[in-house]
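Visitor: Chains as they are written, first to last, in our numbering: chain A, 16 to 144; chain B, 10 to 343. Glycine included, C-beta positions come from ideal geometry on N, C-alpha and C. I'd like to ask you about the structure that follows.
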Amino acid sequence: MSWVQLGGSIAAILVLAGVARLLRLGESRIANKAQARQLAEEMLAGFEAHDALVSRDGGAALVAGNGAFAVLKRHGAQVAARRLIAPLYLKTAVEGVTVATGERLFGDVTLLDVVESDVRGLEASLTRV
Amino acid sequence: MDLRHLATINPVNYAVPGFVALVFAEMLVAWARDKRRYEPKDTLTSLALGTGSTVAGAITAGLLYGLATWLYQFRVFTIPYTWYWFVACFVLDDFAYYLFHRSAHRVRWFWASHVIHHSSQHYNLSTALRQTWTGFISIAFIFRLPLFFIGFPPAMVFFVGGINLIYQFWIHTEVIGRMPRWFEGVMNTPSHHRVHHATNPRYLDKNYAGVFIVWDRMLGTFTPELDEDAPRYGIVKNLGSFNLIWAAFHEWAGIAKDVWAAPGWRAKLGYMWMPPGWSHDGSRDTSETIKANWEAREHARKERAWKKPISSSSGEDRVARPRPDGSAKAVHTA
Chain A
16 MSWVQLGGSI
26 AAILVLAGVA
36 RLLRLGESRI
46 ANKAQARQLA
56 EEMLAGFEAH
66 DALVSRDGGA
76 ALVAGNGAFA
86 VLKRHGAQVA
96 ARRLIAPLYL
106 KTAVEGVTVA
116 TGERLFGDVT
126 LLDVVESDVR
136 GLEASLTRV
Chain B
10 MDLRHLATIN
20 PVNYAVPGFV
30 ALVFAEMLVA
40 WARDKRRYEP
50 KDTLTSLALG
60 TGSTVAGAIT
70 AGLLYGLATW
80 LYQFRVFTIP
90 YTWYWFVACF
100 VLDDFAYYLF
110 HRSAHRVRWF
120 WASHVIHHSS
130 QHYNLSTALR
140 QTWTGFISIA
150 FIFRLPLFFI
160 GFPPAMVFFV
170 GGINLIYQFW
180 IHTEVIGRMP
190 RWFEGVMNTP
200 SHHRVHHATN
210 PRYLDKNYAG
220 VFIVWDRMLG
230 TFTPELDEDA
240 PRYGIVKNLG
250 SFNLIWAAFH
260 EWAGIAKDVW
270 AAPGWRAKLG
280 YMWMPPGWSH
290 DGSRDTSETI
300 KANWEAREHA
310 RKERAWKKPI
320 SSSSGEDRVA
330 RPRPDGSAKA
340 VHTA
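Written out as structure tokens, the structure is:
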């Protein structure tokens, strides 16, 4: 591999990524509770979803299931998920509540227009099912 | 005719402009049909990983070629550079690829290198270029070594390997549905390879082929794509991050962590050589346990559906003639 090839490859990468941005590719959102439940069941083996809280912007959701939670976050045009168990570690944010995942690279997940009591209510529902 | 000069070419170098043009064309199709098929950060990650892989390959290419040439001196036959030997080499190299690829999904050490290619949750032509940086460390090249022992010249083997890589580019797309039946029967296609990249339990660890799908059909690892079970791409535990370094090394970091904490040598070796997801205490999911649980749930769901009354003759007869004691008794008509 020559330096010209390497330079050409890097230039091509930047151009293609720029084109993808220019065409506004990759836009998506978690539309509602039903979709959040379905996504959680599809992404986490053996997870059976019961109830969910969805962020106002569709960028995240918290789903209660069989003995655990699924925290979902928009990742590109797709959704990434993690399984969490109670008690959830929450931080109050100005516009909602942030759920700590314990993974630095996955990051914490903020649910807009959701308050701590909503999450605690969902948490309590786990013990009722 | 001696085609020795042909084998000195690296066909991938000539294909790169075509790769770029086709990714651009596929982006336009995504823009017109479904904008979720591409995502700028994901594309950037895939292409940067591809470039990194080329750099890593260039660094180790000399060592690999040296090893191949050294082994070639112990060859059983001396195979000439005639066109039909190129064809034979291509077919055998593709079988070696099948074996490598199957191992890359069944042995965690090999998976740690190969997982990069599966770490995107998107499936488009840029995903094809998302390649490993650590292929040399994972010793994936051992699957090709028998070809040199047989007597295929190293230059010929690396040339057909390049052609194989180019073939596999176009199958990473959702734009093409199904190819003609005869083609789907023999060749690896976008449909077959979508299955391979899917995380749906039904599709896990299937369709390992590079060019010829017949290897999967012959060795029991083939499964067709079903319209009612659309593939969901990525890995069982998706990264949730576009960090390049994490994408390239996360499974190696996982191995190191597990080996460090494992009780005893048996467990330490298990975390390197057993299938991905294996754990010494059985607390994690492997593709087998995911499939088994899914099959059990599907079976239970079908059982419930089977037992559920679906007609007036299988359910309670609400208009049954009243019995003398006042209760109703269903009248079954067999």
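Applying the 10 Å Cβ sphere with the 16-neighbour rule, what's the burial state of V86 of chain A?
Guide: Buried, because 16 or more other Cβ atoms sit within 10 Å of the Cβ of V86 of chain A.
Visitor: In chain order, what are the residue ranges of uninterrupted alpha helix (DSSP H) at least 4 long that sit wholly in the region 116-160 of chain B?
Guide: Entirely contained in the region 116-160 of chain B, the alpha helix (DSSP H) runs reaching 4 residues are, in chain order, 117-127, 134-137 and 154-159.
Visitor: Beta carbons nearer than 7 Å to chain A: which residues of the region 130-157 of chain B have them?
Guide: For the region 130-157 of chain B, which is checked against every Cβ of chain A, the residues closer than 7 Å are Q130 and H131.
Visitor: Tell me whether A339 of chain B sits in a helix, a strand or coil according to DSSP, three-state version.
Guide: At A339 of chain B, the pLDDT of 38 sits below 50, so the modelled position is not reliable and the matter cannot be decided from this model.
Visitor: Identify each residue in the region 11-44 of chain B for which the Cβ-Cβ distance to at least one residue of chain A is less than 8 Å, and report them in chain order.
Guide: Going along the region 11-44 of chain B in chain order, one finds N22, V25, V29, V32, F33, M36, L37, A39, W40 and K44 with a Cβ nearer than 8 Å to chain A.
Visitor: Going by DSSP, what residue range makes up the alpha helix (DSSP H) through A271 of chain B?
Guide: Segment: none, A271 of chain B is in no alpha helix (DSSP H) and carries neither H nor E.
Visitor: Note down the Cα distance separating F99 of chain B from V25 of chain B, rounded to an integer number of angstroms.
Guide: Whole-angstrom Cα-Cα distance: 21 Å.
Visitor: Any C-beta of chain A within less than 9 Å: which residues of the region 233-256 of chain B qualify?
Guide: Those would be R241, Y242, G243, V245, K246, N247, L248, G249, S250, F251, N252 and W255, in chain order.
Visitor: Can you pull the chain B neighbours of Q5 of chain A, defined as C-beta to C-beta under 7 Å?
Guide: The displayed coordinates of chain A run from 16 to 144. Any statement about residue 5 of chain A would go beyond what the structure contains.
Visitor: DSSP has Y242 of chain B in a bridge; who is on the other side?
Guide: In DSSP, Y242 of chain B forms a bridge with B:A207.
Visitor: For L126 of chain A, which beta-bridge partners are listed by DSSP?
Guide: For L126 of chain A, which the question treats as bridged, DSSP gives the partners A:V112.
Visitor: Check whether the region 68-81 of chain B and the region 173-180 of chain B are in contact - that is, three or more C-beta pairs closer than 8 Å.
Guide: Cβ pair count under 8 Å is below three, so no.
Visitor: Taking the C-alpha atoms as reference points, what is the distance between T295 of chain B and L120 of chain A?
Guide: Their Cα atoms are separated by approximately 23 Å.
Visitor: Roughly how many angstroms separate the alpha carbons of M165 of chain B and M196 of chain B, rounded to a whole number?
Guide: Roughly 22 Å separates the two Cα atoms.
Visitor: Could you tell me whether the Cβ of P285 of chain B comes closer than 8 Å to any Cβ of chain A?
Guide: Cβ-Cβ to chain A under 8 Å: no for P285 of chain B.
Visitor: For a cutoff of 8 Å on Cβ pairs, would you count E56 of chain A as touching chain B?
Guide: Output row for E56 of chain A: interface = no.
Visitor: Give the range of the alpha helix (DSSP H) segment to which A75 of chain A is assigned.
Guide: Unbroken run through A75 of chain A is the beta strand (DSSP E), A75 to G80; no alpha helix (DSSP H).
Visitor: According to the neighbour-count rule (16 or more other Cβ atoms, all chains shown, within 10 Å of its Cβ), is D11 of chain B buried or exposed?
Guide: Its Cβ having fewer than 16 others within 10 Å, D11 of chain B is exposed.
Visitor: Pull up the distance between the alpha-carbon of W282 of chain B and that of I146 of chain B, whole angstroms please.
Guide: In a straight line, the C-alpha of W282 of chain B is about 14 Å away from that of I146 of chain B.
Visitor: Under three-state DSSP, which class holds Q177 of chain B?
Guide: The answer is helix: DSSP assigns Q177 of chain B an H, G or I state.
Visitor: For a test of the three-state rule: what should DSSP assign to D326 of chain B, helix, strand or coil?
Guide: Only weak support exists for where D326 of chain B lies, its pLDDT of 48 falling under 50; the value from the coordinates is given anyway. D326 of chain B falls in the coil class under three-state DSSP.
Visitor: Do the region 246-256 of chain B and the region 110-120 of chain B make contact, defined as three or more Cβ pairs closer than 8 Å?
Guide: In short, these stretches do not touch, since the Cβ pair count stays below three.
Visitor: Check whether the region 25-41 of chain B touches the region 117-132 of chain A, counting contact only when three or more Cβ pairs, one atom from each stretch, lie closer than 8 Å.
Guide: Short answer: they don't touch.
Visitor: Here's the rule: buried if 16 or more other CB atoms are within 10 angstroms of the residue's CB, otherwise exposed. What is Y212 of chain B?
Guide: Classification of Y212 of chain B: buried, given that the 10 Å Cβ count is 16 or more.
Visitor: Would you tell me roughly how many angstroms separate the C-alpha atoms of L3 of chain A and H131 of chain B, rounded to the nearest one?
Guide: Because chain A is modelled from 16 through 144, residue 3 of chain A falls outside the range shown and cannot be assessed.
Visitor: Please look up how many angstroms separate the CB atoms of I244 of chain B and V124 of chain B, rounded, as I've assumed it's under 8 Å.
Guide: About 6 Å separates the two Cβ atoms, so the contact holds.
Visitor: Does H181 of chain B pass the burial test, meaning 16 or more other C-beta atoms within 10 Å, or should it be called exposed?
Guide: Per the 10 Å Cβ criterion, buried.
Visitor: Using the Cα positions of A276 of chain B and T60 of chain B, report the straight-line distance between them to the nearest angstrom.
Guide: For A276 of chain B and T60 of chain B, the distance between alpha carbons rounds to 36 Å.
Visitor: Kindly say whether I299 of chain B, judged by its beta-carbon, lies nearer than 8 Å to any beta-carbon of chain A.
Guide: Chain A, which has a Cβ nearer than 8 Å to the Cβ of I299 of chain B, makes this yes.
Visitor: Check for me: the beta strand (DSSP E) holding A64 of chain A runs from which residue to which?
Guide: Segment A64 to V69, the beta strand (DSSP E) holding A64 of chain A.
Visitor: Counting only runs of 4+ residues fully inside the region 16-70 of chain B, write out the alpha helix (DSSP H) ranges in chain order.
Guide: With a minimum length of 4 residues, the continuous alpha helix (DSSP H) runs that stay inside the region 16-70 of chain B are 20-42.
Visitor: Look at the alpha carbon of S24 of chain A and the alpha carbon of A57 of chain B, and state the distance between them as a whole number of angstroms.
Guide: Rounded to the nearest angstrom, the two C-alpha atoms are 9 Å apart.
Visitor: Against chain A, with Cβ distances strictly below 8 Å, would Y47 of chain B count as a contact?
Guide: Taking Cβ atoms only, chain A reaches closer than 8 Å to Y47 of chain B, which makes this a yes.
Visitor: With a cut-off of 8 Å, does the C-beta of D214 of chain B fall near any C-beta of chain A?
Guide: Cβ-Cβ to chain A under 8 Å: no for D214 of chain B.
Visitor: Below 8 Å between beta carbons: does that hold for R36 of chain A and D72 of chain A?
Guide: No, the Cβ-Cβ distance between R36 of chain A and D72 of chain A is not below 8 Å.
Visitor: Let's see if you can read the secondary structure: which residues bound the beta strand (DSSP E) around R89 of chain A?
Guide: That run of the beta strand (DSSP E) goes F84 to H90.
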